[in-house]
Amino acid sequence: MLLEGIIFGLFTFLVTARCETAEVLVEAGSQVVLPCKCSFRLCNPAAIIWNKNNKGTVWRKQRSGLQYWGSSWSQKDNQRVQCPHSQFDRGDYSLQISGVTEEDGGLYTCRIEYGNHVAVNQVMLRIIKVWASPSDAIWGNKVSVSCTLTPWPKEASVQWMLNDKMFVPSTGVITNGVGSVVIERATERMTGNWTCVLNHKNERRASATLTVRGIIQPPKDDTKLYAALGSAFALPCVFSPGLRPIKTVWEKLENENPRTLKNDRPSLITAGNSFRIQEVVLDSQGKYRCAGTIRGQRLTRTMQLVVAQIVQTKKKDSVMLTCQVSDASAVTEYEWVRVTYDLNGTESVEPVQKGQTVVLNNNWGEWTCRYNGKDGILGNVTYQVPMMSGHSGQKSGFSSNKGTVIGLSFLLVILLLILAQMYKNHQRRKRIFQYPALETIVHTISNEREERERNRGKD
Ligand SMILES: *[C@@H]1O[C@H](CO)[C@@H](O)[C@H](O)[C@H]1NC(C)=O
Ligand SMILES: *[C@@H]1O[C@H](CO)[C@@H](O)[C@H](O)[C@H]1NC(C)=O
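First residue of the sequence shown? That's 3 in our numbering, and the numbers climb one at a time after it.
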């Protein structure tokens, strides 16, 4: 009767215990306590056996106090796995495991024998592991972020968050028997904290960090860069800190045909891999590409240089300035600013006028056109309007100049006419001596005259 009672009691206890299998979820590498408490009032000395499914006895203690480690847990593991004596008096035989690995995951059983009583506790230990491979990726290379729960429960599900925002992968998540893997080509936007949100009875989160390195400036392909005509400009190509590209090549993409920019002037490519344009001309506009090789991976960045200039058009009694940007697709607004300097050379900026053009009546000086995009100032270009003594004065100056020019031209014409006349006369005289017959006639005439006079003398 008593034995029957004990067996019945034991049976019910076992059933109850099995129904209440504790679930313990921990991240790999952390410390875990697998609970096992004796529910009887006085439980010491008791015989304890900790077992793990498929891995045999972990640790056992006899009533006498002798302790044994299971063959697959001995030595190296008895530092990692402990059942502290200090707790025995309180009937606490919980197992402590530090530095848990995925292999530690599984079903554990703690069996307590005290007197005629037997109690069995079950603990399911599941290990969460989140990691990125590689954790330090190069832009464009394949990278994977994995989340596993070992053992994997059938009803569990995984969602991903990147930097606290829901992450919807473009290539899809592979959910296999042990967890979830995101495999993508590394881009800057994948840098950050990856959180695996596990839903299994309760929600559990675990994170890993991923660093993607590459070209950080300009931040993305086809970035528009704005330069003022005539200014010096450096096209940037900045790599993540610690990355040293083997060789940086700059190309200009003309009609999609890349032309390598001259490398014969090494000063044009600076230490920071930027390409220096000494003076921006209208032809400088267009697409550029910088490329560098890191760990066998070629990284490239394209960018578009936009040239801004101020064009001056003279009107009857005013000057019109037009702000021209070679690609104004991102420009939402133009502002004009007049920059003045006081005697101390302190720059001050005068009130702003909006619009692409500005008409000046007598406002010489330095004018700056700022062009803005939806996110603020894109750039500016400055123009020096020459000093004028007033438009009317300038106009009369113009006409008096014209008078002088006309007068001078008139004098020149007269001078030419005189010269021409003198030349004609000279030619005529010359022509007379050109005819010897005429000379003979003249000569004969004078001879005849002489003879006649001589004859007259003889008479
Ligand atoms: C120039 O600087 C001096 C001293 O720094 C100051 O007293 C003076 O007011 C300044 N003049 C102008 C026009 O700002
Ligand atoms: C024009 O741009 C340069 C460089 O960004 C800046 O230093 C300067 O203050 C700007 N000038 C005006 C008038 O906005």
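All C-beta atoms, glycine included, are put in the ideal place defined by N, C-alpha and C.
**OP:** Examine the Cβ distances between the region 322-334 and the region 375-386 and report whether three or more of them are shorter than 8 Å.
**Re:** yes
**OP:** Return the CA-CA distance between residue 414 and residue 421, expressed in angstroms with no decimal places.
**Re:** 10 Å
Subject >> residue 105 versus residue 203: straight-line alpha-carbon distance, rounded >> reply: 22 Å
Original post:
Taking DSSP as the reference, what is the three-state secondary structure of residue 300?
Top reply: strand
Original post:
Where does residue 306 land, buried or exposed, given buried means 16+ other C-beta within 10 angstroms?
Top reply: buried
**OP:** For residue 72, collect the residues of the same chain with a Cβ closer than 6 Å to its Cβ; drop the 5 residues on either side in sequence, then sort them by chain order.
**Re:** 58, 59 and 60
Original post:
Does DSSP put residue 323 in a helix, a strand or coil?
Top reply: strand
Original post:
Can the beta-carbon of residue 234 be found closer than 8 Å to that of residue 280?
Top reply: yes
Original post:
Would you report the Cα separation of residue 68 and residue 85, rounded to the nearest angstrom?
Top reply: 13 Å
Original post:
On the premise that residue 245 lies in contact with residue 290, defined as a C-beta separation below 8 Å, what is that separation, rounded to the nearest angstrom?
Top reply: Residue 290 to residue 245, Cβ: 20 Å. No contact.
Original post:
Where residue 171 and residue 125 are concerned, what is the direct C-alpha to C-alpha distance, given to the nearest angstrom?
Top reply: 35 Å
**OP:** Mind checking which residues open and close the beta strand (DSSP E) that includes residue 219?
**Re:** 217-219
Subject >> Rounded separation between residue 34 and residue 128 - CA only >> reply: 10 Å
Subject >> Lining residues of ligand 2 - beta-carbon closer than 6 Å to any non-hydrogen atom, in sequence order >> reply: 339, 341, 351, 370, 372 and 382
Original post:
What is the DSSP secondary structure of residue 395, reduced to helix, strand or coil?
Top reply: Since pLDDT at residue 395 reaches only 35, below the 50 mark, its modelled position is unreliable, and the value read off the structure follows with that caveat. It is helical.
Original post:
Where does residue 364 land, buried or exposed, given buried means 16+ other C-beta within 10 angstroms?
Top reply: exposed
Original post:
Cα separation between residue 31 and residue 252?
Top reply: 47 Å
Subject >> Cβ contact check for the region 137-148 and the region 106-126: 3 or more pairs under 8 Å >> reply: no
Original post:
Looking at residue 51 and residue 62, is the spacing between their C-beta atoms short of 8 Å?
Top reply: yes
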